[in-house]
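*Asks:* Protein chains in written order, with the working numbering: chain A, 1 to 162; chain B, 163 to 284.
Beta carbons are placed, not taken as given, at the ideal position from N, Cα and C, and that holds for glycine.
Take this structure, written in structure tokens, and hold onto it; I'll ask about it next.
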Amino acid sequence: MRLEKCWFCSSTVYPGHGIQFVRNDAKIFRFCRSKCHKNFKMKRNPRKVKWTKAYRRVHGKDMTQDATFEFERKRNRPERYDRHVAEETLKAIKKIDKVRVDREARHHEKRMKGKKAQVQKEAAKELEQSIHMVKAPAVLQKEPSLTLPKVYQKQTEDRMVE
Amino acid sequence: MIQPQTHLNVADNSGARELMCIRIIGASNRRYAHIGDVIVAVIKEAVPNMPLEKSEIVRAVIVRTCKELKRDSGMIIRYDDNAAVVIDQEGNPKGTRIFGAIPRELRQFNFTKIVSLAPEVL
């Protein structure tokens, strides 16, 4: 029994799931579900289809190089069954999974880092420039006490008074 | 799902290029043939200067189908074309080489010679 990777979306294919397509040059394409199979038949390139792992790796959304990936490399040499080794491997799998998930979370964080500050800056600018969409400028000038969003009230009030 | 009038590629070097299924061996009124079934076919296209000629009626065993082959383990395999290997009355292939991938199921159907000649057994 072997857990394969879907050729299109790179998710694991468990036994009993999916379809394998054998091309005439004996290359095997494994798919996890009919969604991937149909996309393949449509000749879509997984590197251009947004929800696949291939796209995410190519566009830097997920990390590409990491030591934890080495553990999942396909080994073609069959191992003699050793209960001790099997036990240790099962424990190691859990640990490696945790490490990999943590590293992916960190990668994600790093990617999203400047986002909050940027969003606030853009919001401030928009407030400044487009306040006429909310209240007519003439009205604001007449009665500066009319409420503006609290955070920037002081700033804009000063400007109105000027 | 091969039925009469289906054209099949030939996966060996027996001299035929394309076969058309005429009849499925097994039960009378059998509708479809799958991988491992023997069919009677007529040669539609042949390689020149070989023992097999066009319009000859031969028997063949189906080795690849576009219709999925289901295994007991839950694995489903689909090939890219419909292909057959020309055999004689005993079940031995007429050619000496097999081309393309062959599924393991042929071994259970006692086509061991074909399986042993195959470049890739899936």
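1) My understanding is that residue 149(B) touches residue 187(B), with C-beta atoms under 8 angstroms, so please give their C-beta distance in whole angstroms.
2) Counting C-beta neighbours from all protein chains within 10 Å, is the total for residue 8(A) 16 or more, i.e. buried, or is it exposed?
3) Would you call the region 199-213 of chain B in contact with the region 175-186 of chain B, where contact means no fewer than 3 C-beta pairs closer than 8 angstroms?
4) Pull up the distance between the alpha-carbon of residue 67(A) and that of residue 107(A), whole angstroms please.
5) Between residue 238(A) and residue 117(A), what straight-line distance do the alpha-carbon atoms span, to the nearest angstrom?
6) Hey, residue 202(B) and residue 221(B) are a contact pair by Cβ (cut 8 angstroms); roughly how many whole angstroms apart?
7) Between 4(A), 72(A), 49(A), which has its C-alpha nearest residue 30(A)'s C-alpha?
8) Quick one: which chain B residues come within Cβ less than 8 angstroms of residue 8(A)?
9) If we ignore side chains and look at the alpha-carbon of each, how far apart do residue 270(B) and residue 111(A) end up?
10) Can you check whether the CB of residue 168(B) is closer than 8 angstroms to the CB of residue 254(B)?
11) With a threshold of 6 angstroms on Cβ separation, who are the neighbours of residue 37(A) within its own chain once the five nearest residues in sequence on each side are excluded?
12) Only counting the same chain, and skipping five residues up and downstream in sequence, which positions put a Cβ closer than 6 angstroms to that of residue 15(A)?
13) For residue 154(A) and residue 132(A), I'd like the C-alpha separation in whole angstroms.
14) Mapping the DSSP letters down to three states, classify residue 79(A) as helix, strand or coil.
15) Under 8 angstroms Cβ to Cβ from residue 28(A), same chain only, skipping five residues before and after it: list those, please.
16) Mind checking if residue 199(B) is an interface residue toward chain A, Cβ cutoff 8 angstroms exclusive?
17) From the DSSP output, which residues share a beta bridge with residue 242(B)?
18) Mind listing which residues of the region 21-43 of chain A have their C-beta closer than 8 angstroms to chain B's C-betas, in chain order?
19) Determine which residues share a DSSP beta bridge with residue 20(A) and list them.
20) Quick check on residue 223(B) - is its C-beta less than 8 angstroms from some C-beta in chain A?
*Replies:* On the basis of the coordinates in this document:
1) Past the boundaries of the shown model lies residue 149(B); chain B is included only from 163 to 284, so the question cannot be answered.
2) Looking at its Cβ environment, which holds 16 or more other Cβ atoms inside 10 Å, residue 8(A) is buried.
3) Using a C-beta cut-off of 8 angstroms, the region 199-213 of chain B makes contact with the region 175-186 of chain B, since at least three inter-stretch Cβ pairs fall below that distance.
4) Computed Cα separation, rounded: 14 angstroms.
5) Since the first residue shown for chain A is 1 and the last is 162, residue 238(A) is missing from the structure and cannot be characterised.
6) Indeed, because the Cβ distance is near 6 angstroms, the residues count as touching under 8 angstroms.
7) Selected option, being the one with the closest Cα: 4(A).
8) Within chain B, no C-beta atom comes nearer than 8 angstroms to that of residue 8(A); the closest sits roughly 15 angstroms away.
9) Taking the straight line joining both Cα atoms gives about 55 angstroms.
10) No, Cβ-Cβ distance for residue 254(B) and residue 168(B) is not below 8 angstroms.
11) So the qualifying residues of the chain are 19, 31.
12) Excluding the 5 residues flanking it on each side, residue 15(A) has same chain C-beta neighbours closer than 6 angstroms at 1, in chain order.
13) Because residue 154(A) sits at a pLDDT of 48, beneath the cut-off of 50, its placement in the model cannot be relied upon, and the point is left open.
14) Here residue 79(A) sits in coil by DSSP.
15) Spatial neighbours of residue 28(A) in its own chain (CB-CB distance under 8 angstroms, excluding positions within 5 residues in sequence) are listed in chain order as 20, 21, 22.
16) Chain A contact via Cβ: absent.
17) DSSP, once it has assigned bridges, lists no residue as partnering residue 242(B).
18) So the close ones are 21, 22, 23, 24, 26, 28.
19) According to DSSP, residue pairing for residue 20(A) in a beta bridge involves 30(A), 239(B).
20) No, its Cβ sits nowhere closer than 8 angstroms to a Cβ of chain A.
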